[in-house]
Structure formats: structure tokens, C-alpha cells
Amino acid sequence: MFQPVGGMDGIAQGFEREVGDLITYNAKVASLQQDEDGVTVTWEDAAGGGEAQTSTADYCVCTIPFSILSQIDHNLSGDLSNKISSMPYNGSTKWGLEFKRRFWEQDEQIYGGISYTNQAISQISYHSTGYFSDGPGVLLGGYTWRGANS
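Have a look at this one:
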């Protein structure tokens, strides 16, 4: 299993490094409108007093969860709008466990990867970094999704 150095936040940090001056933090999207010429996004600058501003572009990569996007003014197609409004979500639970030593490496020679179980925890994930380190280590102790165990 591969993961960004330093954790999953490395992906967002990579985008920030490449396009940092184009990013606006603390912005609340109020409207998302598209037409044959591109997309127009109206947003409020929460850090700058909440004034409405507008940005236009050829494309918009929208990562707003559907449960929030369904509450934002938009002119997306009827089919897409229906999908956004009716998307079901499932519960999930994920937790990490810190141990005094990396017993999975020292005793079982497990270096990264996942062990699937038939227990409610579903799976255990082992770090793919810091092999052979002394001292404490962290496991993804369980990751459940869908159903009563979540």
C-alpha cells in the first residue's frame, strides 16, 4: 500500500504548492452555475467580512459533499440534481491504536498492508512507513462501514 509521505494531507499540500495563489480559504460557496462557456461560482469570504465574490473558469472541481451541495443554489442537470439530493450515506467507524512496540513487525514480520478479519472490526491496517523503528507504533485498529457495526 502506498500513501503520501507525511500522510494523506500531502495530496492537498501538493495542490497548494502548485496553485497556492489560486486558493481561497474560509470561503462559503453560495452558488454554482454552469453553461456552455464554463462555470461561475459565487462565494462569501468568511475571513474578509463575508462579502459575496464571483469567480469564473472553464471547469470546476467540486468536492463539496452531496449533503451540502444539495443545499447550494445550482443549475446542474435534473438527473444530476436528483442524484445529489437523494444520495444515501452509510455510517463508518475508523480508529487507530498506539502500542508500546511494533509487535506486528517484531513478532509476525508484517510490514505494511491489511489483515482482513471476520470480526466486527473488519480490517487492520499496518503503516507502510517507519519499518524497524524502535518504540511505539500505530495501527489502524479497525475500519467498518455499512451496517450495525458502524
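So that you can map any letter, position 29 of the sequence shown is 29 in UniProt numbering, and since no number is skipped, the others follow by simple counting.
Even glycine gets a Cβ: it sits at the ideal position worked out from N, Cα and C.
Please read these numbers as outputs of a predicted model, since none were measured by experiment.
Quick one, which of the options has its alpha-carbon nearest residue i's?
{"i": "D73", "options": "E16, E18 and K28", "result": "K28"}
{"i": "Q34", "options": "Q106, G49, D21 and L80", "result": "L80"}
{"i": "N82", "options": "Q123, G91 and Q71", "result": "Q71"}
{"i": "A47", "options": "C60, S77, N26 and F66", "result": "N26"}
{"i": "M87", "options": "L69, S77 and G96", "result": "L69"}
{"i": "P65", "options": "Y89, M8, L76 and W145", "result": "Y89"}
Quick one: residues in its chain with C-beta nearer than 6 Å to the C-beta of residue i, no 5 flanking neighbours on either side, listed in chain order?
{"i": "K94", "result": "Y143"}
{"i": "Q123", "result": "I114, Y116 and Y143"}
{"i": "I84", "result": "F66, L69 and S70"}
If you check the beta carbons only, do residue i and residue j fall under 8 Å apart?
{"i": "A12", "j": "V39", "result": "no"}
{"i": "E44", "j": "E36", "result": "no"}
{"i": "I114", "j": "S128", "result": "no"}
{"i": "T54", "j": "T63", "result": "no"}
{"i": "S31", "j": "S92", "result": "no"}
{"i": "E105", "j": "Y131", "result": "yes"}
{"i": "G78", "j": "G141", "result": "no"}
Just reading off the alpha helix (DSSP H) that residue i is part of, what are its end residues?
{"i": "A12", "result": "D9 to V19"}
{"i": "F66", "result": "F66 to L69"}
Take residue i and list the residues in its own chain whose beta-carbon comes closer than 8 Å to its own, dropping the five residues that flank it on each side.
{"i": "F99", "result": "P136, G137, V138 and L139"}
Assign residue i to one of three DSSP states: helix, strand, or coil.
{"i": "G78", "result": "helix"}
{"i": "Q106", "result": "helix"}
{"i": "K83", "result": "helix"}
Grab me the residues of residue i's own chain with a C-beta within less than 7 Å of its C-beta, minus the 5 sequence neighbours each way, in chain order.
{"i": "S133", "result": "R102"}
{"i": "E16", "result": "I23"}
At what residues does the beta strand (DSSP E) containing residue i begin and finish?
{"i": "Q33", "result": "A27 to D35"}
{"i": "I124", "result": "Q123 to Y126"}
Would residue i count as contacting chain B if we go by Cβ distances under 8 Å?
{"i": "E98", "result": "No chain B appears in the structure shown, which is made up of a single protein chain."}
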